[in-house]
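There are 4 protein chains.
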Amino acid sequence: MTMMKAAIFVAPGRIELADKRIPEVGPNDALVRITTTTICGTDIHILKGEYPVAKGLTIGHEPVGIIEKLGSAVTGYREGQRVIAGAICPNFNSYAAQDGVPSQDGSYLIDSGRCGCHGYKATAGWRFGNLINGTQAEYVLVPDAQGNLAPIPDGLSDEQVLMCPDIMSTGFRGAENANIRIGDVVAVFAQGPIGLCATAGARLLGASTIIAIDGNAHRLGIAKAMGADITLNIHECDVVDEVMKLTGGRGVDASIEALGTQGTFESALRVLKPGGTLSSLGVYSTDLTIPLSAFAAGLGDHRINTALCPGGKERMRRLMDVVASGRADFGALVTHHFKLDDIVAAYELFGHQRDGVLKVAIKPG
Amino acid sequence: MTMMKAAIFVAPGRIELADKRIPEVGPNDALVRITTTTICGTDIHILKGEYPVAKGLTIGHEPVGIIEKLGSAVTGYREGQRVIAGAICPNFNSYAAQDGVPSQDGSYLIDSGRCGCHGYKATAGWRFGNLINGTQAEYVLVPDAQGNLAPIPDGLSDEQVLMCPDIMSTGFRGAENANIRIGDVVAVFAQGPIGLCATAGARLLGASTIIAIDGNAHRLGIAKAMGADITLNIHECDVVDEVMKLTGGRGVDASIEALGTQGTFESALRVLKPGGTLSSLGVYSTDLTIPLSAFAAGLGDHRINTALCPGGKERMRRLMDVVASGRADFGALVTHHFKLDDIVAAYELFGHQRDGVLKVAIKPG
Amino acid sequence: MTMMKAAIFVAPGRIELADKRIPEVGPNDALVRITTTTICGTDIHILKGEYPVAKGLTIGHEPVGIIEKLGSAVTGYREGQRVIAGAICPNFNSYAAQDGVPSQDGSYLIDSGRCGCHGYKATAGWRFGNLINGTQAEYVLVPDAQGNLAPIPDGLSDEQVLMCPDIMSTGFRGAENANIRIGDVVAVFAQGPIGLCATAGARLLGASTIIAIDGNAHRLGIAKAMGADITLNIHECDVVDEVMKLTGGRGVDASIEALGTQGTFESALRVLKPGGTLSSLGVYSTDLTIPLSAFAAGLGDHRINTALCPGGKERMRRLMDVVASGRADFGALVTHHFKLDDIVAAYELFGHQRDGVLKVAIKPG
Amino acid sequence: MTMMKAAIFVAPGRIELADKRIPEVGPNDALVRITTTTICGTDIHILKGEYPVAKGLTIGHEPVGIIEKLGSAVTGYREGQRVIAGAICPNFNSYAAQDGVPSQDGSYLIDSGRCGCHGYKATAGWRFGNLINGTQAEYVLVPDAQGNLAPIPDGLSDEQVLMCPDIMSTGFRGAENANIRIGDVVAVFAQGPIGLCATAGARLLGASTIIAIDGNAHRLGIAKAMGADITLNIHECDVVDEVMKLTGGRGVDASIEALGTQGTFESALRVLKPGGTLSSLGVYSTDLTIPLSAFAAGLGDHRINTALCPGGKERMRRLMDVVASGRADFGALVTHHFKLDDIVAAYELFGHQRDGVLKVAIKPG
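Residue numbers (the working numbering), protein chains in the order written: chain S, 1 to 365; chain B, 1 to 365; chain A, 1 to 365; chain G, 1 to 365.
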């Protein structure tokens, strides 16, 4: 068997299923047979043509599957093993990775002197469905497999670990980047899948009051289940005023932005105490404005931290341990199931946020 | 003797010398006879009416002097002792101070429930010449003296420690906030007194390449003496292009903004590597824009840190130790001397940056 | 009324109730009428004469009460307000506090040049029942009240906040000092009141596997309720072997020592992964040995952190918020109640750990 | 040409030159022709049989050379390029590396499930001359070359970068691990090559007073040149007393241990302020004792950090940048030159510390 089905980007507005050759396996690669994958908000940007990728590229970056074939230099794994890999699939031998930001450089290309330097390429750790073929297919080739393949612990289902590669890693990084300490008050702006994971992450890290904010009552209900203490509906109150009131004028210790708009970014800054941290997760599509007053004219000892989802086998191992321990359960985020054959319909549902969809599970089998 | 001379804010455009009553000393205060003080860029904002203070307020926040009288509850000092105090003069019993940001709350007022909360007031640690009478006078009342009076080590002159209360503390915090590690490349935008101290601070913290940027060739020359390896004149090159070229396309590990304008802020972000830190020192007077491309759409693992000058006796002790050790010498920044009686002329010179002025020493005696 | 009852240290083996004068209130003090206090393991060391204090000193360092009188310089509180203060009651104006370790210097004495320096005195932030009269009395004088009085939120009972001043602050610091990250495996050695709080703290900070270790089955049961995933009884297994087996030979990410013996310290080191952190809470009474093999000959990238319980109003505010939020409930640790009149009997019970005692509540009223 | 000369461990007391086959190059390897290498104190332990290695193993772990041949999967380098590699040569795809401690696991072996776990092996990142053949030879095989080969900047000689792979990386890590802040007082115990580099590192990181301690007046003289402000000869004073006197009883902010004995470790702890950090670099050969009093019974908020020399191309790049910038110059540490043919004589000189030797340069050519 040499051919497989894959969802490819054809043109703005068109992602379609196509037949592709199953890739060759180089010495540091692994070929993984996908058993479950999913669609991400970023894929919708690709679909709409808002984020450019090469025509014909296989889309998707959240793999759950089985090792089909290991490269000759990859050791410590066995074919037939159930694994995941991070959405961000770094080259841990890069300068960026050794410098503490593996997500910012995932390819050997940079090292090869293409730019004549030791440069990092921003977000270059995101390779699946961006720089190389992705996971919405029967098979995916995992580069730098030694650093990226993470065995699934016994007893965990595909659905239980499906959020680990991206949503959970991103949302948790939002909480990790917020400098949360025991007893903190944290506001999380937007409760889509990533915001919900950020809410759960803030809970996991010891915040004693978590304020979840969104305009969708259903999502706010889920936020409560994920650990929020208070929910605010943007259609029912002035959120900034309400947060200031709830904190007695003090502001929050940390705010997490999980949507990627000027409005959420600005509100996240306006509710922040002097000395507080704004942890930004969103993918913005326009320049951002920092209002002078919210920023104390630059004298507020504020911190603004951004992040790209961490990957790598150690990160994946830890996230799956969190799932296995029962500390967090994101299975409820998987609201719909599709076969790979029906992926166009899945994009249709997910892209329009129909039927209360949060995340879809897509299975080639 | 009950009266003293003091430079007070009269109206926009007018700071004048006036006679004032020497203040009473409460249990936690100290009365300090000023031997040397100086004028800060912020004072010029006050003079111009751009930063509002109460009419009649004594201006100035950089005290060097001698303890004239100690409050009844202040121990461990003696009258006649030479001391400095930070420009930011915190109340270390505040919630903000115990929460790690003493500069953000300096007064008992907040604790007194005025706002019905445990609130921090942004920049409220800056009291001299802002919330209470300042140092451009014959005497200044130091609040919370137990935490703020710092004895001057034997052998250091007034001029040698005159930069400690503000300029040196601010500039060094800019470097401290930049997450500098051994071997880093750091760009410092603007080489006024604070930028020069930031340059010296970056040198002190182990950066191996420091790029100092300004439009004033004289200041760039001083920057070299303070530790810069490379200087760039904004009138002679495209600074962003040049920094990217100097770093082989990689960008700098950290950039320090020391002016407070959109241009310097934006350039500081554009030269930053993914994963790098922008440490902002400037006092901005307009909203800021974060360009999408410079920000990697929020996915660059960037950090933006702002700061207000740290104060307190421990900070001052450390800075004076740095001076005493010869690690840094900011005496050269004091380019002009004035008597307090001539302070209006000093404002005139300093406000218009005439005659190559960097900082002026003002002496009541 | 000028006299009150107080439990004082008379001689090794004798702590007795005595009549004492109610103290005068200086400008920075507050007089607090005790409504509930408790006995700490440290008090037992004092009772036995193992830790020397002045004869006649009032013992106890865990105050819950009502403000009876405020010093003239203390603002933001009102008489009649319910408050707690930390067991460690720092002088936040000290060099040590401004240097980041307020617990290490609590008195003005050090600043006063007694030792001719800016010295810190180790543990000098612990003043109640150590350097000054303590809380096992009808009244206690709180020094540096502006920084140490923490109002009790409405709705919380004395018993609910009784653990905040010491046990909870200490146990949580043990977890905070352990560098816990999401997904960590943490072992906590000893499950007395402090170890139980450390277990709860590790849970609060995102550890995904918590292994609680003790020799007392009852306490191990409580450890499960506090958040432990696995409990090991030292009488039933070789704990080091078992932890290594549970972690597949990898060792734990962090271990917390909560007893103060060579055995627990050594085991905590032996189960630690290279690169891991040993957070030590115990009060040791002998020199410690670091076994060469457990320490990888000094090449294991290990961290050993010790701590003294943090105090101050901001710390207390946060801990009470944790209680109020329902994140942790240490009410179950209060197993017995006594009147202050019966404190000798309370010491008898607590000192011999009779009747399953964990903590006793002592009420003067 | 298939054979080369190499210094191999024969038996305790015997390291000899032998003929060996030039190794095969796997896909992720690089073969480097050594132009300069050196002998480390650790090699003397191996020579004496105190540290066990396999008979026949090539010794040495500090390579400077030229790429002879690159593995098929190694990109971004070219044959003929001058390079160094760290003494510690990690596998950056290991769990340990992704967990922040690359030095603790360098081989694929651990991942391969040999121990049935995701284990780290302490110090396993040290491979050259320990787990695999080392650098005292005409050629060395560099494993995981993509992460470990660091090109030498133009203009730097072999001697100028010879300290980077081990001595400089180790000494600097000692300073980095000491939590040094601007204005700190730091004591460095022992001024061998590593201690001297720690002294230089402390200087580079902003310490304002550096106290260098040794028993060798010559080395103390070099310490001054490396940045020490004060030197203490252990034969001429009670070092602990003297440091306490120099700090006015306060103790040092940080102490660095650079020898590996109970005496230096204990003194480093005794001079430490409460809240201070002991950074330990030494390779110990016996159990260590922590004296109760020096440790404040476990209540001093002390930190003890150990380290293994960091490796990797990014670390090497930074260290070479420090050399290139002129911030530090360790060329003076190279006191003697030998041909590889004379390596037995070099061991003889270095092992007995004859003739004021600090480090020797060994050249196969």
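Note that the Cβ used here is the ideal one computed from N, Cα and C, for glycine as well.
For residue j and residue i, the rounded distance between their alpha carbons
{"i": "B:P291", "j": "G:D99", "result": "33 Å"}
{"i": "S:I110", "j": "S:P12", "result": "Note that S:I110 scores 39 on pLDDT, short of 50, meaning its location in the model is unreliable and no value can be drawn from it."}
{"i": "S:A217", "j": "S:N233", "result": "7 Å"}
{"i": "G:V186", "j": "B:A297", "result": "43 Å"}
{"i": "S:E68", "j": "S:L17", "result": "22 Å"}
{"i": "S:L299", "j": "B:L288", "result": "14 Å"}
{"i": "B:L149", "j": "B:V142", "result": "8 Å"}
{"i": "B:N177", "j": "B:T306", "result": "8 Å"}
{"i": "S:A97", "j": "S:L278", "result": "24 Å"}
{"i": "G:V243", "j": "S:P102", "result": "43 Å"}
{"i": "S:I44", "j": "S:Y347", "result": "8 Å"}
Nearest to residue i (by Cα), restricted to the options the options
{"i": "B:G249", "options": "B:F265, B:D229 and B:R270", "result": "B:R270"}
{"i": "S:S169", "options": "S:K339, S:D341, S:R14 and S:M320", "result": "S:M320"}
{"i": "G:I88", "options": "G:R82, G:E266, G:P165 and G:A207", "result": "G:P165"}
{"i": "B:Y284", "options": "S:P102, S:S285, S:A294 and S:V83", "result": "S:A294"}
{"i": "G:G147", "options": "G:D154, G:D253 and G:P310", "result": "G:P310"}
{"i": "B:I15", "options": "B:V25, B:P63 and B:P52", "result": "B:P52"}
Extent of the continuous beta strand (DSSP E) to which residue i belongs
{"i": "G:S157", "result": "Premise fails: G:S157 is in no beta strand (DSSP E) and is neither H nor E."}
{"i": "S:K273", "result": "L272 to S280"}
{"i": "G:R82", "result": "R82 to I84"}
{"i": "B:R303", "result": "R303 to T306"}
{"i": "S:A187", "result": "V185 to F189"}
{"i": "B:A296", "result": "Neither: B:A296 is in no beta strand (DSSP E) and is coded neither H nor E."}
{"i": "G:P77", "result": "What sits at residue 77 of chain G in the sequence shown is Tyr, not Pro. No beta strand (DSSP E) contains G:Y77, which DSSP labels as neither H nor E."}
Cβ neighbours of residue i in the same chain (closer than 8 Å, five flanking residues each side left out)
{"i": "G:A258", "result": "G171, G174, V188, F189, A190, Q191, G192, I194, G195, A198, T264, L281 and G282"}
{"i": "G:A223", "result": "V188, Q191, G195, L196, T199, A212, D214 and T231"}
{"i": "B:G155", "result": "A324"}
For residue i, the first and last residue of its enclosing alpha helix (DSSP H)
{"i": "A:F350", "result": "I343 to G351"}
{"i": "G:V240", "result": "V239 to L246"}
{"i": "B:L319", "result": "K313 to A324"}
{"i": "A:G174", "result": "S169 to E176"}
{"i": "A:M226", "result": "A217 to M226"}
{"i": "G:I194", "result": "P193 to L204"}
Cutoff 7 Å; reference residue i; Cβ partners in own chain excluding five residues on either side
{"i": "A:V322", "result": "A328"}
Cβ-based neighbour list, residue i, same chain, cut-off 6 Å, excluding 5 preceding and 5 following
{"i": "G:S94", "result": "D105"}
{"i": "B:G134", "result": "T58, I59, G60, H61 and F128"}
{"i": "B:Q81", "result": "I67 and P151"}
{"i": "G:L349", "result": "V357"}
Q: Could you please tell me which residues of the segment 287-313 of chain S, in chain order, have their CB closer than 8 Å to any CB of chain B?
A: D287, L288, T289, I290, P291, L292, F295, A296, A297, G298, L299, G300, D301, H302, R303, I304, N305, T306, A307 and L308
Q. Looking at chain G, which residues of the segment 80-95 of chain S have a Cβ within less than 7 Å of any of its Cβ atoms?
A. F92, N93 and Y95
Q. Of the residues that make up the segment 123-146 of chain A, which ones have a beta carbon closer than 9 Å to any beta carbon in chain G?
A. T123, A124 and W126
Q) Quick one, which residues of the segment 267-282 of chain G are near chain B if we go by CB-CB under 9 Å, in chain order? A) none
Q: Using a Cβ-Cβ cut-off of less than 7 Å, list which residues of the segment 154-174 of chain S approach chain A; keep chain order.
A: F172
Q) Mind listing which residues of the segment 199-212 of chain A have their C-beta closer than 8 Å to chain S's C-betas, in chain order? A) G201, L204, L205, G206, S208 and T209
Q. Listed in chain order, which residues of the segment 312-338 of chain A have Cβ atoms closer than 8 Å to some Cβ of chain S?
A. R317, R318, L319, D321, V322, A324, S325 and R327
Q: Please name the residues in the segment 8-38 of chain G whose beta-carbon is closer than 8 Å to at least one beta-carbon of chain S, in chain order.
A: G26, P27 and N28
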